[in-house]
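Participant: My questions will all concern the structure given below.
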Amino acid sequence: MRILVVVLVAVLCLWAIFAVALNFLGIDIYWPFYVAREEPIPHHRLLAARNGVFLTFAFYGLMFLRNSYEKVYPIHFLKMYLLMTAIAGSLVYIKLEIYALEEILSLVVLLVCSIVIHIGSKFSYRRYFTED
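Under my numbering, read the sequence shown as residues 1 to 132, first letter to last.
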């Protein structure tokens, strides 16, 4: 399971770096592999990402208010951002009545990635990226 999580995180990191690099070249790419050529990134996708950031911020803000000395590892942040973006996307899609299969599948992929990272990393955050 650990190898799957490392591969999954590596793929997500490469995708993010690739998307940012393409943006600097004037090409917008959005989740998972859609290229926005003439038209901009769809508004509902931007809302899902924006609300995912806000929900993640609120989650960690509430964690801080509850116990300001608890350590949070980067893998936990990634897991929570993916989960919160899937939740925010679901709420946006319900509000805007978007039920296209490809849109729902994009949220399912985010949710599955979050679950795989959660299961693969919940036992030991400290030894996560080191050899056993």
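Beta carbons: idealized from backbone N, C-alpha and C, even for Gly.
1. Start and end of the alpha helix (DSSP H) containing Val-7?
2. Contact between the region 55 to 72 and the region 20 to 33 is defined here as three or more beta-carbon pairs at a separation below 8 angstroms; is this criterion met?
3. Can you tell me whether Val-5 is buried or exposed? The criterion is at least 16 other CB atoms within 10 Å of its CB, across all chains shown.
4. Between which residues of its own chain and Ser-114 is the CB-CB distance below 6 angstroms, once the five residues before and five after are set aside?
5. Quick test of your reading: His-44 and Leu-111, contact by CB under 8 angstroms. State the CB separation rounded to the nearest angstrom.
6. What whole-angstrom Cβ distance do Ala-49 and Thr-85 have, given they're in contact under 8 angstroms?
7. Could you spell out the range, first to last residue, of the beta strand (DSSP E) harbouring Ile-29?
8. Assign Ile-3 to buried or exposed, taking buried as 16 or more other Cβ atoms, counted over all protein chains shown, within 10 Å of its Cβ.
Facilitator: Quick look at the numbers:
1. Start at 1 with the first residue of the sequence shown, and residue 7 comes out as number 7. Taken as a continuous stretch (DSSP letters only), the alpha helix (DSSP H) holding Val-7 covers 2 to 24.
2. no
3. The count along the sequence shown starts at 1 and reaches residue 5 at position 5. The residue is buried, with at least 16 neighbouring Cβ atoms inside 10 Å.
4. What you label residue 114 is simply residue 114 of the sequence shown in a count that begins at 1. If we look at Ser-114 and ignore the five residues flanking it on each side, its Cβ neighbours are Lys-79, Leu-82, Leu-83.
5. Locating residue 44 in the sequence shown gives position 44, counting from the first residue. Locating residue 111 in the sequence shown gives position 111, counting from the first residue. His-44 to Leu-111, Cβ: 17 angstroms. No contact.
6. Counted from its first residue, the sequence shown places residue 49 at position 49. Counted from its first residue, the sequence shown places residue 85 at position 85. The Cβ separation is near 6 angstroms, so the contact holds.
7. Within the sequence shown, numbered from 1, the residue matching residue 29 stands at position 29. Ile-29 -> beta strand (DSSP E) spans 28 to 30.
8. Within the sequence shown, numbered from 1, the residue matching residue 3 stands at position 3. Counting Cβ neighbours within 10 Å, Ile-3 comes out exposed, since fewer than 16 surround it.
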